[in-house]
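In our numbering, the protein residues as written are 1 to 184. Where is the CB? At the ideal position from N, CA and C, for every residue including glycine. Everything on this sheet refers to the single structure shown next.
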């Protein structure tokens, strides 16, 4: 039973905070590694975590709170993780497999949030509007996205959009008239 003044964090939020604290400690130890007695394995592990954090994770972590940016961020992050195989194949594969189980913002319904993201190019938004008119998609949009990691790099953001993506606007009671105006 919660007591007055005590706040509880959601398990996901706590997990992310712990992971970020590990990343920050890894970066600090890596920067001051000359002051420590590290084994080769420890030094390699710290380097791997630090490089991954700087090249991939921190940008994704800092932009995560922006809901409208979530579909494009997840799409971009997955592509970045798959490209990271050129740096570290093990980390690339493990992190891509993990993220592939959490791509709900690329579901047919939630991908519609990308219409409100300023980072999504106008050309992509035009293709998303076209995809809304195509006769693909289920009557009830799937909430879980299944992706093939081997062919993910061939996909574009608009390939997740279908006629079922309109459900987002209907559920939120949003007018769809903006879809008839050029995104520029």
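{"query": "Whole-angstrom distance between residue 57 and residue 125, CA atom to CA atom", "result": "26 Å"}
{"query": "Cα-Cα separation, residue 184 to residue 133", "result": "20 Å"}
{"query": "Beta-carbon contacts of residue 176 that lie in its chain and below 6 Å, excluding the five residues immediately before and after", "result": "169"}
{"query": "Rounded C-alpha distance that separates residue 191 from residue 115", "result": "Shown here, the chain extends from 1 to 184; a query on residue 191 therefore has no answer."}
{"query": "CB-CB length for residue 62 against residue 78, believed under 8 Å", "result": "Residue 62 to residue 78, Cβ: 17 Å. No contact."}
{"query": "Sequence-distant residues of its chain with Cβ nearer than 7 Å to residue 109 (five each side left out)", "result": "141, 164, 165, 167 and 168"}
{"query": "Environment of residue 25 [buried if 16+ CB atoms lie within 10 Å]", "result": "exposed"}
{"query": "Counted within 10 angstroms of its Cβ, other Cβ atoms place residue 2 as buried (16 or more) or exposed", "result": "Note that residue 2 scores a pLDDT of 49, beneath 50, so its modelled location is shaky; the value from the coordinates is reported in the next line. Exposed: under 16 other Cβ atoms inside 10 Å."}
{"query": "From 27, 18, 34 and 82, residue whose alpha carbon lies closest to that of residue 153", "result": "82"}
{"query": "Limits of the alpha helix (DSSP H) - the one that residue 119 falls within", "result": "Run containing residue 119: none; DSSP gives neither H nor E here."}
{"query": "Alpha helix (DSSP H) segment containing residue 70, residue limits", "result": "70-83"}
{"query": "Residue environment, residue 71, which counts as buried when at least 16 other CB atoms sit within 10 Å", "result": "buried"}
{"query": "Residue 39 (DSSP reduced to helix, strand or coil)", "result": "coil"}
{"query": "Residue closest to residue 52, alpha-carbon to alpha-carbon, out of 144, 160, 155 and 27", "result": "27"}
{"query": "Nearest to residue 88 (by Cα), restricted to the options 147, 128 and 50", "result": "50"}
{"query": "Per-residue DSSP class, three states only, for residue 167", "result": "helix"}
{"query": "Same chain only: Cβ atoms within 7 Å of residue 96, ignoring 5 sequence neighbours per side", "result": "78, 81, 82 and 149"}
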